[in-house]
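In the working numbering, the protein residues as written are 346 to 858.
Shown next, in C-alpha cells, is the structure this report addresses.
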DNA sequence: CGTGGTTAGCTTAAGCTAACCACGGTGCGTTAAT
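Structural data, given as C-alpha cells:
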C-alpha cells in the first residue's frame, strides 16, 4: 500500500509533514536512520506508520515513564490495541503476564533501565524486531555518560537483540552530539535527516540585569503583561515554589510549581491542568517539559540559565507549537554563572574521590560491588548518587567490575585512565556552559549565534530577537485580544466555554486585578 | 553566588546572634522493614 494512503487511513492526515516521508522510506528499507526534526514536528509518526507498512514489531526506548504511558494511551485511543509499555508502572503480576504474551504486541515501549533486567532481556531476544527506536536520542549524550548510564548500553542491547535496524529521533543535537549518538548506538552508515532546529515563530530576548531582585521584578512584569500560558524555568525547586506562590497572589491567574520533589500524582495533575488551560503559568525546574504536547504556550522565561544550548533550545521550543508567535525571554545576572558550575562539580567525582574509592576497591578483589554499597563506600567519600553511578559505570567499562564482582586489575594504570577520562568529561561540560554563557553576553543577533552552534547558516526573519529589534507589545495580553477582534477571528475554545457557561481565567482575572 | 540550617558562645541559663557550612537539577527500578 502507498504510504500516503496508510497515513490517511490510519492517522487521518492527507499530507506528510517536512521530512517524515523520506525518513519513513529509509526506515522501511531497513537502514539505520538518524533523524533530527524540530520540536513538535511529528516525530512519532516516523516509527508508527512503518508498523503498518510491515516494519513490525517495533521496540521503542523512551526516557520517561509518563511519556511512554502517554504514547500508549494515544495509540490505544486511535484504535491500536497491540501496544504496551514495560516499566515500573506495572506490578509484578502484570509484568509477568505481559512478558508471557509479548509476541502479541506490535508497539513495545521500554526504558533503558529495564533493558538491563535479565528476564526482560531474554524475553525480548525471542522476538524478531523489525525496528528499534531511540526516542529523544539526545538523552544518550546528555544523560548517558553520568546520570543514566544505562543509556550507553543501548548499542550492546541492540546487538543482543539481533541487530534490528535503528531509528534515532531527536529535536536538538549539535554536530558533536550527533556523532556521539551515532557512535554510541553503533549505527552503521546511517542515513541522516537533519532539519533546521530554528523555530522562526519564537522571538528571542536576552535581558541582562544587575541583581536577583531585578529579576524578580522582571518576572512579575512579564507574567502580568504577556499573553499566556507560559513556562518559567528555575534551577532550584525552592525558587520555583516561591515564585509560583508569589505570582498567584499577585493576580497573574492560577500558577503552579513543578519539580521532581513533588510526588508522581501531583506532577500528573499539574501537567493535566496545564494542558487543559487551567493554569496560566507553570514555574518549574528542568523536570518539566519533555513530552508536554501543548500547542498554545505563548512564552518561556528563563529565570536561571540552562547549562547547554541543547537544553535551552528544548526548553524554548515548547512555545508556539501551534505555529502562532511565541517569545523566549532570558534573564541573566553575573552570579548565574555559579549554579551550572556547581552542578557539573557535583555530578562528577573529583580526583581524590576517584583514587580513594579505587584503592578501596582494589583491596576487595573477588567480592561483590553493588549499587547498594554506595551507602557504605560512596557516602563517606561525599559522592553524590550521580557521581557514584558514574564511577561504577567506569569500573564496568574498564572491566574492573563484571557482573557486580570486582576483578583483578592494574590499580595505578586504571586510576590514571579513569582520572583522565573524567577530567576530559568535566572539561567538555564546562566548555559547553562557557559557550552558552558567552552567547548570553554577546552583542549580536541571538538567533544567528544560536543556529551557528548547530551548524546552521544565518537567517533573516522578523520579528527575530532583541538585538534585531523587537516590539514586546505584540506579545501582550491586550494586543492578543484586540487582534482577535480586529481580525474577526473566533477563538473556538473561548466561544465554546462561553456557550457552556464556564468562567474563564482571563475574565475572572480582570475583576481581581 | 544566595539561602537556609546548625551550632558555638554569649549571658539576668533560655534564647538570641553571628559565624560557618552544605547545598542547589534532571529518572529509572527495586527492595527491605514495618
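Glycine is no exception: its CB is placed at the ideal position from the N, C-alpha and C atoms.
To the nearest angstrom, how far is the alpha carbon of residue i from that of residue j?
i           : j           : result
residue 508 : residue 546 : 40 Å
residue 615 : residue 598 : 14 Å
residue 624 : residue 600 : 6 Å
residue 807 : residue 631 : 29 Å
residue 393 : residue 788 : 44 Å
residue 586 : residue 792 : 31 Å
residue 818 : residue 810 : 14 Å
residue 487 : residue 712 : 32 Å
residue 425 : residue 514 : 22 Å
residue 450 : residue 403 : 9 Å
residue 735 : residue 728 : 10 Å
residue 656 : residue 812 : 22 Å
residue 520 : residue 382 : 14 Å
residue 391 : residue 370 : 9 Å
residue 850 : residue 626 : No answer about residue 850 holds up, because its pLDDT of 38 lies below 50 and its placement is not dependable.
residue 782 : residue 772 : 15 Å
residue 422 : residue 556 : 49 Å
residue 676 : residue 554 : 7 Å
residue 864 : residue 673 : Absent from the structure is residue 864, since the part of the chain shown begins at 346 and ends at 858.
residue 848 : residue 715 : Per-residue confidence for residue 848 stands at a pLDDT of 43, beneath the threshold of 50, marking its modelled position as unreliable; the derived number appears in the next sentence. Their Cα atoms are separated by approximately 56 Å.
residue 855 : residue 477 : With a pLDDT of 32 at residue 855, under the threshold of 50, the modelled position of this residue cannot be trusted; read the value that follows with caution. Each residue's Cα considered, the two are about 51 Å apart.
residue 455 : residue 512 : 15 Å
residue 753 : residue 612 : 46 Å
residue 591 : residue 609 : 24 Å
residue 814 : residue 552 : 13 Å
residue 697 : residue 780 : 28 Å
residue 550 : residue 571 : 13 Å
residue 774 : residue 689 : 7 Å
residue 687 : residue 582 : 16 Å
residue 536 : residue 659 : 23 Å
residue 517 : residue 755 : 40 Å
residue 380 : residue 704 : 44 Å
residue 860 : residue 726 : Given that the chain is displayed from residue 346 to residue 858, the structure contains no residue 860 and the question cannot be resolved.
residue 821 : residue 681 : 28 Å
residue 387 : residue 348 : 16 Å
residue 621 : residue 638 : 11 Å
residue 510 : residue 558 : 53 Å
Quick one: what's residue i bridged to in DSSP?
i           : result
residue 550 : 674
residue 538 : 380
residue 477 : 404 and 511
residue 291 : It is not possible to answer for residue 291, since the shown part of the chain is limited to 346 through 858.
residue 628 : 577 and 602
residue 428 : 452
residue 644 : 575 and 672
residue 810 : 549
residue 501 : According to DSSP, which records beta bridges pairwise, residue 501 is partnered with nothing at all.
residue 821 : 571
Anyone know if the C-beta pair for residue i and residue j falls short of 8 Å?
i           : j           : result
residue 649 : residue 580 : yes
residue 574 : residue 619 : yes
residue 602 : residue 628 : yes
residue 351 : residue 400 : no
residue 543 : residue 801 : yes
residue 443 : residue 431 : yes
residue 417 : residue 428 : yes
residue 490 : residue 770 : yes
residue 540 : residue 384 : no
residue 503 : residue 531 : yes
residue 409 : residue 723 : no
residue 798 : residue 654 : yes
residue 795 : residue 804 : no
residue 368 : residue 604 : no
residue 578 : residue 647 : yes
residue 479 : residue 499 : yes
residue 569 : residue 377 : no
residue 327 : residue 497 : What the structure shows of the chain is the stretch from 346 to 858, and residue 327 is not part of that stretch, so it cannot be assessed.
Compute the minimum distance between the beta carbon of residue i and the heavy atoms of the ligand GDP, and state whether it is under 7 Å.
i           : result
residue 367 : In the structure shown, the ligand GDP is absent, as is every other ligand, since no ligand is present at all.
I think residue i touches residue j, with their Cβ atoms under 8 Å apart; what is that distance to the nearest whole Å?
i           : j           : result
residue 710 : residue 751 : 5 Å
residue 452 : residue 396 : 7 Å
residue 458 : residue 495 : 5 Å
residue 506 : residue 474 : 6 Å
residue 670 : residue 548 : 7 Å
residue 706 : residue 745 : 7 Å
Could you check whether the segment 411-426 touches the segment 563-573, counting it as contact only if at least three pairs of C-beta atoms, one from each stretch, sit closer than 8 Å? Under the three-pair Cβ rule at 8 Å, the segment 411-426 does not count as touching the segment 563-573.
Cβ pair count under 8 Å reaching 3, the segment 635-646 against the segment 664-678: Verdict: yes, contact present.
Any contact between the segment 754-768 and the segment 525-545? By contact I mean 3 or more CB pairs, one from each, below 8 Å. The segment 754-768 vs the segment 525-545: no contact.
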